[in-house]
């Protein structure tokens, strides 16, 4: 998979209605992303979450952007699971796409993501 496809896969994992992503005592759900999109001054547009194009690279990038993460962090009590999910996988894809990042940082991020996935099981 390329990094853009990985972002879309991570986005679709949140948006699926078939299951809830449970992260310990917290969840990452479509309702969380929808709630962020409906807030004033949201970095997300309605079309990013309502009847969205599952193949749109820009929508997936926007959901995992620093602006969306910052908006979610305004309400950590409700969005903690989503915040963790966006941070871990957003950072992982950023590392895949970065040509300027030192190899050491690539490895640290990859190991952190693997540790997260191993712990999440």
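Residue numbers (full-length UniProt numbering): 1 to 121.
Just so you know, even glycine gets a beta-carbon here, dropped at the ideal spot from N, CA and C.
Whole angstroms are fine: how far does the CA of residue j sit from the CA of residue i?
| i | j | result |
| --- | --- | --- |
| residue 42 | residue 71 | 7 Å |
| residue 97 | residue 77 | 31 Å |
| residue 109 | residue 47 | 31 Å |
| residue 8 | residue 60 | 5 Å |
| residue 104 | residue 65 | 23 Å |
| residue 34 | residue 102 | 35 Å |
| residue 74 | residue 88 | 18 Å |
| residue 85 | residue 28 | 7 Å |
| residue 90 | residue 4 | 11 Å |
| residue 99 | residue 106 | 10 Å |
| residue 116 | residue 37 | 26 Å |
| residue 31 | residue 119 | 24 Å |
| residue 23 | residue 81 | 6 Å |
| residue 62 | residue 40 | 16 Å |
Which class does residue i belong to by DSSP, given the choice of helix, strand or coil?
| i | result |
| --- | --- |
| residue 92 | helix |
| residue 22 | strand |
| residue 60 | helix |
| residue 102 | coil |
| residue 41 | coil |
| residue 53 | coil |
Hey, out of the options, whose CA is closest to residue i's CA?
| i | options | result |
| --- | --- | --- |
| residue 45 | 68, 95, 73, 20 | 68 |
| residue 26 | 83, 74, 101 | 83 |
| residue 2 | 111, 93, 39, 49 | 93 |
With a threshold of 6 Å, establish whether the CB of residue i neighbours any heavy atom of the ligand ZN.
| i | result |
| --- | --- |
| residue 42 | You won't find the ligand ZN in this model; it holds no ligand whatsoever. |
Sufficient close CB pairs (3 or more, under 8 Å) joining the segment 1-20 to the segment 48-57: yes
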